[in-house]
Structures are given as C-alpha cells and as structure tokens.
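*Asks:*
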Amino acid sequence: MRGRPNLYTSYEDEQKILPTVTQRVTMGAFLLATVTVPFSVVPGLRFLGTPGWLQILNVMLVFLVAALGLNILIGFAGQVSLGHAFFMAVGAYTAAVLAGSPTQALWGLELPLWFALPIAGLAAAAVGIVVAPTAVRVRGLYLAIVTLGLVFIGAHIFRNWNQVTGVPELGRDWGPLQLALWDIDGPALRFDKDGDWFGVFVSAEGKTFLFMLVVAVGFVVLSKNLARSRLGRSFAAIRDRDIAAEVMGVSEVKAKTQAFAISSFYAGVGGALYATVVGALQPEIWNLFLSVEFVAIILIGGAGTTAGVVLGAIFVQTLPRIVENTTAFLEVQVETQGWFAPIADLIIRTDGADLGIVSTVNNGPGLSVAQANGLLFGLFIVLFLIFEPLGLYGVWLRIRNYWKGWPFTY
Amino acid sequence: MVRSMIILAQVGGSTLETLLTKLLDGMALGAIYTLMALGFVIIYKSTQVLTFAHGSVAAVGAYLVAYFVTIINWPGRYLTSLPVTLSFVISAIVGVAAAAVVGIVIERMFIRPMVGQPLFSIVMITLGIDIILRTLLGDFVGQGSQLDIGAPWGIFSVTKINGVIIPHSYVATIVAAAAAVIVLALFFRSRTGTAMRASAFDQEAAMAQGISAGRIFALAWAIGAALAAVGGIFGSVPPRGFGVNQTTPFFALRAFPAIIIGGLDSIIGAVVGGFTIGIAEVMAGHYLSQFTDTLGIGFNNIVPYLVMMGFLLVKPYGLFGTKEIRRV
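So the protein sequences, as listed, match chains A and B. Mapping of the first sequence onto this note's numbering: position 214 corresponds to residue 1615, and the numbering continues sequentially without gaps. Mapping of the second sequence onto this note's numbering: position 242 corresponds to residue 312, and the numbering continues sequentially without gaps.
Here's what the structure looks like:
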C-alpha cells in the first residue's frame, strides 16, 4: 500500500484530516514555526516577532476564528449571511459586560476570561438560534437581505445602548486578557503584560499571540471535525439540495438552526477576542463592511474549505501591510533613483505634479495608501470569483496537481 | 439657507398640516427609494442578479452630474452665462448617460464572464464592485463635498400653502420619479421593451426569436444604473442630503426593504414598496420622536428594515413577487 497516496483501504483512513506522512510532517513543521514566531527563531520569519507584526497576526487569528464560523454557515450549509458582524458584536458586548470593569455609565461584572469567553459565544449562538427560523422561511438572496437588515438594526442598538457599548465613537474598555481562577487581582496567567515564562522573556503581544494561536488551532480542528461528522454532512446535504436532504431524513429546520448556532458561536468568541486584542472599540465598527470582510476572506480563501479560510485570513489581513510596505519601498526607490525607479514613478506620486496612481502626500491628488488598499481588496474579490472560484485553495490545488505529475502534464 | 432649514424643521400648527407636510416628505423619500428599487428590479428581472453595487453606482452617477455642472459653469471656460436650468438639464442628461455607461461597463467586464456561475458568486462580485467604486468615489469626492448641481428649483426654497410646507426640492423628486415610471412604462411597450420583457419571461424562447440576451443584459444594467443615478441626485440634494458623500450609497441599501416588500421581481412592487418605506420612515421619525429615549437616536433609519423583517415573516415573497416553486 505504501507509495500509493490515493489508495484507502478503510473508511477511517479516508476520513483522516492528515492522511499522508508528508502532510503530517509539513503540518507539524508549520505549527512549530508558528509557535516560535514570538521568539524570532526561524530564519526568514524573524520579522514576524516584532510587536507591529505580532499585532497583525493576533488580529489575523481572531479573524480566522470568526471567518471559520461564517464558513460553516456559507461554505458548509450554503446559507448566505451578511450579518456576521452583528453576531460578533453580540459576543463582544456580552464579554465586555461580563469581564469589563464597571463605571458610573457602564455595566461590567469583572468576571474572569475563561468564563466570559464561552458565555459570549453562547450568547451569540442564542441570538443565532432566534434568527435561524427566518432562514427557513426565506432563502437565497432574500436571506442575504434579511441578515443585512440585522446589521443595520444591530448598529442602531449598539449606538444607543450606551451602558453596554460605551460612548459613540469612543467605545468602552474591555476585560483584560488574563487567565485567573476567579480573583482578577491575582491572575494565574497574564497575556496583556510583558514578562518571563519559564525563564524566557515574552512580550505582551507574543503572549497574546500564543493564546490566540491555541484558541484558533482549537477552532480549526473543531471546524475540520465538524465537516466530516454527521452534522457536517447534514449541512452539506441542505446546501446542495434541501428537498432531497429532507427526503433522506435530514430536518431542514434543525440543520439550519444548528448551522446558525454554531456559526454564531464562532462569531461570538471571535468578536470577544477581537475586542480584547484591539482594545477599545467604537460601537460603529460592527458594520456591513466588517461582514463583507469576512465574506471576502471566505471567497478569496475558498468557500467550504477550512484550509482555504486559513489562507484567506492570512491574505486579507496581510494585504494592508503589504500595500503599505510596497508603497514605502517604491517611495524610497523614487527618491534614491534605484533600480525600480521607472516603475515606481508610474505607480506612486510623491508630489502634486508627477503622475501616478497612489499618492504618498497627505491629502494630495491620487489614491491614499488606505484607498489603494480598499481598491485592491475589492479587485481581489472580483478577480478571484471570476478566475478562480475555489479561491487560494484552488490555486494551491493547481500548484499541487502540477507538481504531482511533473514533468508530465497529467 | 439656515432660516429655511428652520422652517423645514418647524412643524405646522394643526395636526393635519403636520401630517400633510410629513406625507410630502415621506413621498419624496419614497420617490428616491422607488427610483433605486426600480433599478434593482429591472436588473434582477433581466439578469437574475441582485446587485449590491447599486448604491455606489447611484453615488457615482450623482457625482458625475455634479462634475458636469461644475465644468459647464467653470468661470470663463465654456459657457459663462448659461442659465441654471439649461446647465442643469445638460449635465443631468450627460451625467445620467455616463452612469448608464458605468452600468454597461460593469455588466460587460464583470457580470458577463460569470453567466452560468452560482448566483451567490455573482452577487458577491457586485459586492466587490461596490467596494471598488466606493473607494474611487471617496478619492474623487474627498471628505464632506457639496453637490452643487445648480438645482433650477432652488435648493432650499419652499412654498407654504395653508400651513403645509412644500419644499420645491421634494416636489422635483416626486416629479422625477413619476416621470421615470411613466417613461419606463412607455419603454416596456416599445419594441426593445417588449424584447426585454420576453427575455425576462423566458430567455431561451426569446433567444429563439432572435433577441440577443447579451444586449438585454447590458440594457438592463444601463437602465438600472441610470435610475440609480437619478435617485442618487435627489438623495444628495439638500435638504435631503448634503452633497455626494460616503453616505449617499446607503440610500440604495435602505431601498432593499422596498423591493422585499414589493417582491424582488415586480415593477409595481418596487413603486409600492418604495413609497411605503419612505412614508413609514418619515412618519416614524416624526411621530415616534417623543420616544427617542427608549428607541434611540436615529430610530427612523432602521424603520425600513423593521418593516421588512415583519413583512418577510408574513409574506416571504413580497406583495407582488413570484413565488419560488421548488420541485423535487
């Protein structure tokens, strides 16, 4: 049987997450490299250990958790939802009220994180269960519009319920990222302060990263297992043909409710973590754009595939930084008349006079860096959908299949 | 300008006067929603695509109109002493036509290659287009721009009849929407319009009769974008809005409830839904203002969605929408 990768002799073998030795070794190496990121050990990836990059990675992991949830809803169960930001907000504010500290104008119970985080997920899941019957009644595009409405109604509530969400445009404080048994004054593990772990110095961002990594890996495994369980198969059945699924004994109402509940649980936990990573959040950020960002992660990564969602989260979250660094690099090229100066001159404009698409001057003509980023973001969604509907995962499949038969074409 | 705003904010003495004033306000808002909803419905009926890029197309259209007004009236450039009405009419026609071209370009470049792909993918493409257009718009408009379209009816001028306040801008909005509906009705009786209806009814049969489906697609997007642009103009003219800005696209998002109430594929539904939502929003804004402490500031903005939610539970396919028939 050895050396024949597509031959399976038992159902269990075929259902394995990592069927081949190569995959297991690669995944192990990848995980090892990821764990050592805060310590800047692996050559070539040392720059990731800087606080700036670690912060990006932290947000990326949080987005990954929430995007996995949306993937369960859109990719596995086929229910188009634009309301993910709303469910995230429900989780975030549940966690904020449970773990945050109270002031005159704010509610807060100062409960520990290990308690607030799951409750945040459960609260979001409960809201998801309430919304789910609508998904049974309306389908397809109608559901997309209903969930869109949910975001706007939610935005109104968050803007006005100031005891929970804080002052508009300022936001409120959030519970600290620390693991304490109960007493918040003497936490067992702190993730929000620099310090030594087993004699090794770890920065606050590094600690947060490790915590987020554990949570994210847990959710990835959970999502992967969900896809190959009875529940995941019932989702796929509902997605592919709901009437056929019902004929085979899969309850549509039940499956959709479960999909919404699980997806919202992910969203709730993701929202709560997002708040703790970024700090104070304005009530206005839980808007349609955030939902679209998650849809984009799934579409760019590859809908319905867990590996795709991971790739998508990495792509979408590093894109702004890549655009920023590229612009900075091109600017230096123009100033010093380096090798790439002719191309750089075409792309960026350093003063009002010369031509170029991206402007590095504040309020100058041309796109700002943030706008260039937004433009690329939209372009990538469109281009991926037109040219590679399977997303980055599809790109990976193509590369893999090419090398599988190399040097023969098939 | 400030004084007329105060007049607008003032509510007349008697209840009836208030009601009529607010009714006109609601109808004007409903007219904008109707224009947006008509565009949605025409695109959806012809191409089965629900476009999320409608709002930004509307804003781009309104921006183009404002742009043409500006370059026409450029001091000492082309026509220095052009009457306001003429400059407005010319730039409105050119601007709306340019918006129609934007619609055709979107259809040709992004929607046409996706024919036959899952609906969800196409809808998500329109979301991507929305992001692109909105970014470009943000770049061109900048922060807090004013739409000076040289409105011939006078931006803040009002007429008072028996205590009922009638802003001319609102009357212009309603007239424009009514004209659009009439023109559309006439268009659907024409040869091309009949071809379009035939194509929406049964695309294969229409193609067998020699109707080009691709042309119908492009035409639908052109009409939809043009209607959106007209809606965008009136949505950004004071006192309704304050110039084309980042919030102009939201008119289209708030028109979603209108098409849901009317039914995704019904022209009449778009008109009925549009006016219903508009009037409901304004009435809620006025008559529920005493409950602001409970309901929160800006409650009227979410009234369309609340109406929509309630409606969906009762009639999932809207008032005039075709029921989806599911076969095993």
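For glycine and all other residues, C-beta sits at the position ideal for the given N, C-alpha and C. Small disclaimer: the values here were computed from a predicted structure and weren't measured.
Return the residue from the list A:I1749, A:A1742, A:Q1564 and A:A1467 that minimises the CA-CA distance to A1714 (chain A).
*Replies:* In the first sequence, the residue the question calls residue 1714 (chain A) occupies position 313. Of the candidates A:I1749, A:A1742, A:Q1564 and A:A1467, the one whose C-alpha sits nearest the C-alpha of A1714 (chain A) is A:A1467.
*Asks:* With a cut-off of 8 Å, does the C-beta of L1458 (chain A) fall near any C-beta of chain B?
*Replies:* In the first sequence, the residue the question calls residue 1458 (chain A) occupies position 57. No, no contact with chain B.
*Asks:* Could you pull out every unbroken alpha helix (DSSP H) segment of at least 4 residues lying fully inside the region 1511-1561 of chain A, listed in chain order?
*Replies:* Segments of the alpha helix (DSSP H) lying fully in the region 1511-1561 of chain A: 1514-1538 and 1542-1561.
*Asks:* Check each candidate in A:E1606, A:R1540 and A:F1553 and name the one with the smallest Cα separation from L189 (chain B).
*Replies:* Along the second sequence, one-based indexing puts residue 189 (chain B) at 119. Checking every option, the nearest Cα to that of L189 (chain B) belongs to A:R1540.
*Asks:* Could you compute how far the alpha carbon of I231 (chain B) sits from the alpha carbon of T91 (chain B)?
*Replies:* Within the second sequence, numbered from 1, the residue matching residue 231 (chain B) stands at position 161. Within the second sequence, numbered from 1, the residue matching residue 91 (chain B) stands at position 21. Each residue's Cα considered, the two are about 10 Å apart.
*Asks:* Taking Cβ positions only, does P386 (chain B) come closer than 8 Å to chain A?
*Replies:* As a working mapping, residue 386 (chain B) is identified with position 316 in the second sequence. Output row for P386 (chain B): interface = yes.
*Asks:* Here's the rule: buried if 16 or more other CB atoms are within 10 angstroms of the residue's CB, otherwise exposed. What is W291 (chain B)?
*Replies:* For the purposes of this step, residue 291 (chain B) is identified with residue 221 of the second sequence, where counting begins at 1. Looking at its Cβ environment, which holds 16 or more other Cβ atoms inside 10 Å, W291 (chain B) is buried.
*Asks:* Going by DSSP, what residue range makes up the beta strand (DSSP E) through K393 (chain B)?
*Replies:* Along the second sequence, one-based indexing puts residue 393 (chain B) at 323. No beta strand (DSSP E) holds K393 (chain B); DSSP gives it neither H nor E.
*Asks:* Between which residues of its own chain and M71 (chain B) is the CB-CB distance below 6 Å, once the five residues before and five after are set aside?
*Replies:* Within the second sequence, the letter at position 1 stands for residue 71 (chain B). Confidence is the limiting factor: at M71 (chain B) the pLDDT is only 38, short of 50, which leaves the residue's position unreliable, though a coordinate-based value still follows. Cβ within range, chain order: F226.
*Asks:* Could you compute how far the alpha carbon of V307 (chain B) sits from the alpha carbon of I1723 (chain A)?
*Replies:* Position 237 of the second sequence, counted from the start, is the residue given in the question as residue 307 (chain B). Position 322 of the first sequence, counted from the start, is the residue given in the question as residue 1723 (chain A). V307 (chain B) and I1723 (chain A): Cα-Cα distance of roughly 39 Å.
*Asks:* Are there any heavy atoms of the ligand MG lying less than 7 Å away from the beta-carbon of A1742 (chain A), as far as the coordinates show?
*Replies:* Annotation note on the ligand MG: not contained in the displayed structure, which lists no ligands.
*Asks:* For G1550 (chain A) and I331 (chain B), I'd like the C-alpha separation in whole angstroms.
*Replies:* As a first step, residue 1550 (chain A) must be located in the first sequence, where it is residue number 149. As a first step, residue 331 (chain B) must be located in the second sequence, where it is residue number 261. Each residue's alpha carbon lies about 13 Å from the other.
*Asks:* Using CA atoms only, rank isn't needed, just tell me which of B:L207, B:M184, B:G366 and B:R178 is closest to S1769 (chain A).
*Replies:* One-based indexing of the first sequence puts residue 1769 (chain A) at position 368. The shortest Cα separation from S1769 (chain A) among B:L207, B:M184, B:G366 and B:R178 belongs to B:L207.
*Asks:* Out of B:K115, B:I244 and B:M106, state which residue places its alpha-carbon closest to the alpha-carbon of H124 (chain B).
*Replies:* Taking the first residue of the second sequence as 1, we reach residue 124 (chain B) at position 54. Nearest option by C-alpha distance: B:M106.
*Asks:* Would you report the Cα separation of V81 (chain B) and K1657 (chain A), rounded to the nearest angstrom?
*Replies:* If you number the second sequence from 1, residue 81 (chain B) lands on position 11. If you number the first sequence from 1, residue 1657 (chain A) lands on position 256. With a pLDDT of only 49 at V81 (chain B), under 50, the local geometry of the prediction cannot be trusted, and the value read off the model is given with reservation. Approximately 48 Å, taken between the alpha carbons.
*Asks:* Strictly below 7 Å CB to CB, what residues from chain C border Q1772 (chain A)?
*Replies:* Of the protein chains in the structure, A and B, none is chain C.
*Asks:* Please state whether DSSP places T362 (chain B) in a helix, a strand or coil.
*Replies:* What you label residue 362 (chain B) is simply residue 292 of the second sequence in a count that begins at 1. Residue state, collapsed to three classes: helix.
*Asks:* For F1553 (chain A), return the contacting residues in chain B, with the cut-off set at a CB-CB distance below 7 Å.
*Replies:* The count along the first sequence starts at 1 and reaches residue 1553 (chain A) at position 152. Neighbours of F1553 (chain A) on chain B, chain order: I372 and Y375.
*Asks:* On the DSSP bridge list, what partners appear for R1591 (chain A)?
*Replies:* Here the question's residue 1591 (chain A) lines up with position 190 in the first sequence. In DSSP, R1591 (chain A) forms a bridge with A:Q1579.
*Asks:* Confirm, please, whether the CB-CB distance from I1639 (chain A) to V1651 (chain A) is below 8 Å.
*Replies:* The residue you call residue 1651 (chain A) lines up with position 250 of the first sequence. The residue you call residue 1639 (chain A) lines up with position 238 of the first sequence. Yes; because the gap between Cβ atoms is below 8 Å, this pair is in contact.
*Asks:* Are G1492 (chain A) and A1668 (chain A) close, meaning C-beta to C-beta below 8 Å?
*Replies:* Residue mapping note: residue 1492 (chain A) aligns to position 91 of the first sequence, counting from 1. Residue mapping note: residue 1668 (chain A) aligns to position 267 of the first sequence, counting from 1. Against a cut-off of 8 Å, the Cβ pair of A1668 (chain A) and G1492 (chain A) comes out as a contact.
*Asks:* Does F321 (chain B) come out as helix, strand or coil in the three-state DSSP assignment?
*Replies:* If you number the second sequence from 1, residue 321 (chain B) lands on position 251. Here F321 (chain B) sits in helix by DSSP.
*Asks:* Mark I141 (chain B) as exposed unless 16 or more other C-beta atoms lie within 10 angstroms of its C-beta, in which case mark it buried.
*Replies:* Taking the second sequence and counting its residues from 1, one reaches residue 141 (chain B) at position 71. When all chains shown are included, I141 (chain B) counts as exposed.
*Asks:* Are there three or more Cβ pairs, one per stretch, closer than 8 Å when the region 91-105 of chain B is compared with the region 170-181 of chain B?
*Replies:* Taking 8 Å as the limit for Cβ pairs, the verdict is that the region 170-181 of chain B does not touch the region 91-105 of chain B.
*Asks:* Give me the subset of the region 1780-1803 of chain A whose CB atoms are less than 7 Å from a CB atom of chain B, sorted by chain position.
*Replies:* Within the region 1780-1803 of chain A, the residues whose Cβ lies closer than 7 Å to some Cβ of chain B are L1780, I1782, V1783, L1786, I1787 and P1790, listed in chain order.
*Asks:* Scan the region 252-338 of chain B and note each continuous beta strand (DSSP E) run of 3 residues or more that stays entirely inside, going in chain order.
*Replies:* None, since the region 252-338 of chain B contains no complete beta strand (DSSP E) of that length.
*Asks:* What is the DSSP secondary structure of E1789 (chain A), counted as helix, strand or coil?
*Replies:* As a first step, residue 1789 (chain A) must be located in the first sequence, where it is residue number 388. In this structure, E1789 (chain A) counts as coil in the three-state DSSP scheme.
*Asks:* Can you give the Cα-Cα distance for F1602 (chain A) and L1455 (chain A), rounded to whole angstroms?
*Replies:* Along the first sequence, read from residue 1 onward, the residue named residue 1602 (chain A) stands at position 201. Along the first sequence, read from residue 1 onward, the residue named residue 1455 (chain A) stands at position 54. Straight-line Cα distance between these residues: approximately 15 Å.
*Asks:* Which residue marks the beginning of the alpha helix (DSSP H) containing T1410 (chain A), and which one marks its end?
*Replies:* Translated into the one-based positions of the first sequence, residue 1410 (chain A) becomes position 9. Neither: T1410 (chain A) is in no alpha helix (DSSP H) and is coded neither H nor E.
*Asks:* For F369 (chain B), would you say it is in contact with chain A, using Cβ-to-Cβ distances shorter than 8 Å as the test?
*Replies:* In the second sequence, the residue the question calls residue 369 (chain B) occupies position 299. For F369 (chain B), the answer is yes, since a Cβ of chain A falls inside 8 Å of its Cβ.
*Asks:* Helix or strand or just coil, what does DSSP make of K230 (chain B)?
*Replies:* As a first step, residue 230 (chain B) is located in the second sequence; it is residue number 160 there, counting from the start. In the structure shown, K230 (chain B) sits in a strand (DSSP, three-state: E or B).
*Asks:* If I measure Cβ to Cβ from M1428 (chain A) and keep anything under 7 Å in the same chain, skipping five residues before and after, which residues do I get?
*Replies:* Walking along the first sequence from the start, residue 1428 (chain A) turns up at place 27. The answer, listed in chain order, is L1419.
*Asks:* Taking 8 Å as the threshold (C-beta atoms), are V377 (chain B) and I347 (chain B) in contact?
*Replies:* On the second sequence, residue 347 (chain B) is found 277 positions in, with the first residue counted as 1. On the second sequence, residue 377 (chain B) is found 307 positions in, with the first residue counted as 1. Their beta carbons are under 8 Å apart, which means I347 (chain B) touches V377 (chain B) by this criterion.
*Asks:* Just checking: is the beta-carbon of H1485 (chain A) within a distance shorter than 8 Å of some beta-carbon in chain B?
*Replies:* As a working note, residue 1485 (chain A) is residue 84 in the first sequence. By this cut-off, H1485 (chain A) is not an interface position.
*Asks:* Using C-beta distances below 8 Å, list every residue in its chain close to A1681 (chain A), excluding the 5 sequence neighbours before and after it, in chain order.
*Replies:* One-based indexing of the first sequence puts residue 1681 (chain A) at position 280. Here the set comprises G1567, L1571, G1572, R1573, D1574 and W1575.
*Asks:* Taking 7 Å as the limit between beta carbons, can you name the residues of its chain near Y375 (chain B), skipping five residues before and five after?
*Replies:* As a working mapping, residue 375 (chain B) is identified with position 305 in the second sequence. P327.
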